[in-house]
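Participant:
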Amino acid sequence: MAASSNHKNNSHARSKSLPSIENPVITQLDEHLRRFRASEDASTSSSFGGKLSRLQDLHDCVNKVLLLPLVQQALAQENNEKWVDELLDGSLQILDLCNAAKDSLLQTAECMHELQSILRRRGYGEIGLSNEVKKYLASRKVVKRAIHKGLEGYAKQMHLRHH
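Written out as structure tokens, the structure reads:
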């Protein structure tokens with residue numbers, strides 16, 4: 001599956017039982033993995049959306065790789081059961097991470113709608129408004145921390161699996 005012999009020496013993530021394929025989708029997958037790993041260090045809120053986008057791109061690319069005929073043939077062989085199990089576990093982890101991110105973002109949206117409602121009514125007074133703003137900001141902070149922790153944990157697991 002490796003694109004070059006140099007890349008083969010540096011990566012321990014590839015299964016030796018899978019056929020070596022020179023394919024643009026494989027190159028694209030390697031690039032998405034590189035970008036995702038590089039995003040670990042970025043912690044600004046503007047990079048948060050980028051991390052989710054890179055995670056989605058990685059997931060989409062993995063799906064494309066799984067549809068390649070040679071990969072399908074390799075997966076159909078019984079002696080690749082361990083590799084298939086690892087692949088399924090990784091997919092479930094990505095799905096869990098995406099669901100956690102979705103739930104967290106929905107929670108933030110709910111807090112934002114509540115805050116907007118209070119601003120429209122203007123019946124809370126300054127102290128009530130201040131409390132609602134604090135609740136909203138606290139929920140954003142918790143959500144951001146939870147998603148960042150999830151992305152970080154997933155990236156570490158990926159790193160450990162591939163080295």
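Its first residue numbered 1, the sequence shown is counted upward by one per residue in the UniProt record's numbering. C-beta: ideal position from N, C-alpha, C; glycine also.
To the nearest angstrom, how far is it from the Cα of Val142 to the Cα of Ala100?
Facilitator: If I take the Cα positions, the gap works out to 12 Å.
Participant: For Glu152 and Leu52, what's the separation of their Cα atoms in angstroms?
Facilitator: Rounded to whole angstroms, Glu152 to Leu52 spans 12 Å at the Cα level.
Participant: Which residue's Cα is closest to the Cα of Gln28: Ala38, Asp60, Gly49?
Facilitator: Taking only the C-alpha atoms, the option nearest Gln28 is Asp60.
Participant: By DSSP, does Gln28 sit in helix, in strand, or in coil?
Facilitator: Correct three-state label for Gln28: helix.
Participant: Check for me: the alpha helix (DSSP H) holding Leu67 runs from which residue to which?
Facilitator: Leu67 -> no alpha helix (DSSP H), and no H or E assigned at all.
Participant: Just the Cα atoms here: how many angstroms apart are Leu160 and Lys82?
Facilitator: About 17 Å.
Participant: Ordered along the chain, which non-local residues of its own chain (more than five positions away) have a Cβ less than 8 Å from that of Glu132?
Facilitator: Closer than 8 Å at Cβ, skipping near neighbours: Glu114, Leu115, Ile118, Tyr124.
Participant: Express the C-alpha separation of Leu55 and Thr108 in angstroms, rounding to a whole number.
Facilitator: If I take the Cα positions, the gap works out to 20 Å.
Participant: Report back the beta-carbon spacing between Val71 and Val65 to the nearest angstrom; my notes put them in contact at under 8 Å.
Facilitator: Right, the Cβ-Cβ distance comes to about 6 Å (below 8 Å), so this counts as a contact.
Participant: For Pro24 and Leu88, what's the separation of their Cα atoms in angstroms?
Facilitator: So the alpha carbons of these two residues sit roughly 23 Å apart.
Participant: Could you give the residue range of the alpha helix (DSSP H) that holds Gln116?
Facilitator: Note, Gln116: alpha helix (DSSP H), 81-121.
Participant: Taking its Cβ as the centre, do 16 or more other Cβ atoms sit within 10 Å of Met112, making it buried, or is it exposed?
Facilitator: It is exposed - the Cβ of Met112 has fewer than 16 other Cβ atoms within 10 Å.
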